[in-house]
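Below is one structure, written out as structure tokens; the observations come after it.
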């Protein structure tokens, strides 16, 4: 067990617990939509009725894209793990940071659902998971209302965290919400200009980890940013799989993701290099002050085999969808292991 940091901030714990949550349900009339078959873009489609498969709450769960929420959980866990080691852990701000991160992720997903539909990126030819706006399961107005609701929840968490840690929380929160909207929306959507990986690395890696630590410690150390780097790489890997899967349909829609720019072959190498950098930077936490516990990250290495094999060998939509989910699990596992190692 490594010695406690003599220069780390210490302060009395606060007992604050945020609580704000709302829920809404919408029932929809029966609609038919297409679900891609295992044949990929050009494969057949099976008709499924929304009344039997997707209705009410299930539609909203689909819209929120629950499997992507690991992108919000992992960085909060890492930031909190470092806070535990530095003896500045504070449950109230940690929970508020988690709530804010989850709300921003859901808001970003809803914004993306509408924006991609409006720009023609989500069509009947998509091979990824269903999108509620494109399928007509929810109207654009409903999805946008839910998006603003999610950002309102994030704002409430931010108000509490601002009272705890001051104005830097406002800057980080506003920037995160604007980036979530501008990812595929607005006049210059950077997700359509090959900058999606940069967005995810910065906001779901560096900002999320550093912000979680800051609201508990009210200061920041370079070691915290170092712990954020492998998290940024693995969350970027999730997006790479998504973009490799959609490379043909995105190209047709004019969505110039980095995968479209690089092509499938180089994008596969991009995925491989990104995963390699994730583990290299995770192990490198040992010499920068995290001790041998940083090697716990290696326990997640076997989880990379499946998605790596799928991305390198397959162009099949369902296979890449499975690889996407596996990469999300990998991201969460690596983040939790880094968090545990940091806390020890």
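In the working numbering, the protein residues as written are 208 to 551.
The C-beta atom is built at its ideal place from N, Cα and C for all residues, glycine as well.
| Ordered along the chain, which non-local residues of its own chain (more than five positions away) have a Cβ less than 6 Å from that of residue 323? | 329 and 391
| request: Counting only the same chain and skipping the five closest in sequence on each side, list residues whose C-beta sits under 6 Å from that of residue 431. | output: 289, 417 and 420
| request: For residue 347, count neighbouring C-beta atoms within 10 Å of its own C-beta (all shown protein chains included) and say buried if the count is 16 or more, exposed if not. | output: exposed
| query | Quick one, which of 386, 412 and 294 has its alpha-carbon nearest residue 319's? | reply | 386
| DSSP state of residue 475 mapped onto helix, strand, coil | helix
| request: Kindly indicate if chain D contains any beta-carbon less than 8 Å away from that of residue 374. | output: Structure shown: chain D not included; a single protein chain is present.
| message | Considering only DSSP beta bridges, list what residue 532 is partnered with. | response | According to DSSP, which records beta bridges pairwise, residue 532 is partnered with nothing at all.
| task | Assign residue 468 to buried or exposed, taking buried as 16 or more other Cβ atoms, counted over all protein chains shown, within 10 Å of its Cβ. | result | exposed
| request: Report all residues from its chain with a CB closer than 6 Å to the CB of residue 398; omit the five preceding and five following residues, and keep chain order. | output: For residue 398, where only same-chain residues beyond five positions count, the Cβ hits under 6 Å are 390 and 391.
| Thinking just about the alpha-carbon of each residue, which of 518, 521 and 508 is nearest to the one in residue 538? | 508
| request: Run the CB neighbour count on residue 394, radius 10 Å, all protein chains shown included, and call it buried at 16 or more, exposed below. | output: exposed
| task | Would you tell me roughly how many angstroms separate the C-alpha atoms of residue 435 and residue 264, rounded to the nearest one? | result | Distance between the alpha carbons of residue 435 and residue 264: 34 Å.
| task | Check residue 198 in the structure and name its three-state DSSP category. | result | Nothing can be reported for residue 198: it is not among the residues displayed for the chain, which extend from 208 to 551.
| query | Counting along the chain, where does the alpha helix (DSSP H) carrying residue 267 start and finish? | reply | 264 to 271
| message | For a quick check, are the C-beta atoms of residue 521 and residue 481 less than 8 Å apart? | response | Taking a C-beta distance under 8 Å as the contact criterion, residue 521 and residue 481 do not qualify as a contact pair.
| What first and last residue would you give for the alpha helix (DSSP H) that runs through residue 312? | 298 to 325
| message | Using 8 Å for Cβ pairs, my map puts residue 278 next to residue 411. What's the rounded Cβ distance? | response | 5 Å
| message | Please report the distance separating the alpha-carbon of residue 359 from that of residue 281. | response | Their Cα atoms are separated by approximately 22 Å.
| query | For the alpha helix (DSSP H) that contains residue 348, what are its first and last residues? | reply | Element bounds for residue 348: 347 to 372.
| task | Could you spell out the range, first to last residue, of the alpha helix (DSSP H) harbouring residue 496? | result | Where residue 496 is concerned, there is no enclosing alpha helix (DSSP H), given that its DSSP letter is neither H nor E.
| request: Indicate the three-state DSSP secondary structure (helix, strand or coil) for residue 338 in the structure shown. | output: Note: residue 338 maps to coil in three-state DSSP.
| What residue from 551, 332 and 404 has the CA that sits closest to residue 449's CA? | Of the listed residues, the one whose Cα sits closest to residue 449 is 404.
| task | Apply the 10 Å Cβ neighbour rule to residue 374 and answer buried if 16 or more other Cβ atoms are within range, or exposed otherwise. | result | exposed
| query | Should residue 328 be listed as close to the ligand GTP, given that the test is whether its C-beta is under 7 Å from any heavy atom? | reply | This structure does not include the ligand GTP; it has no bound ligands of any sort.
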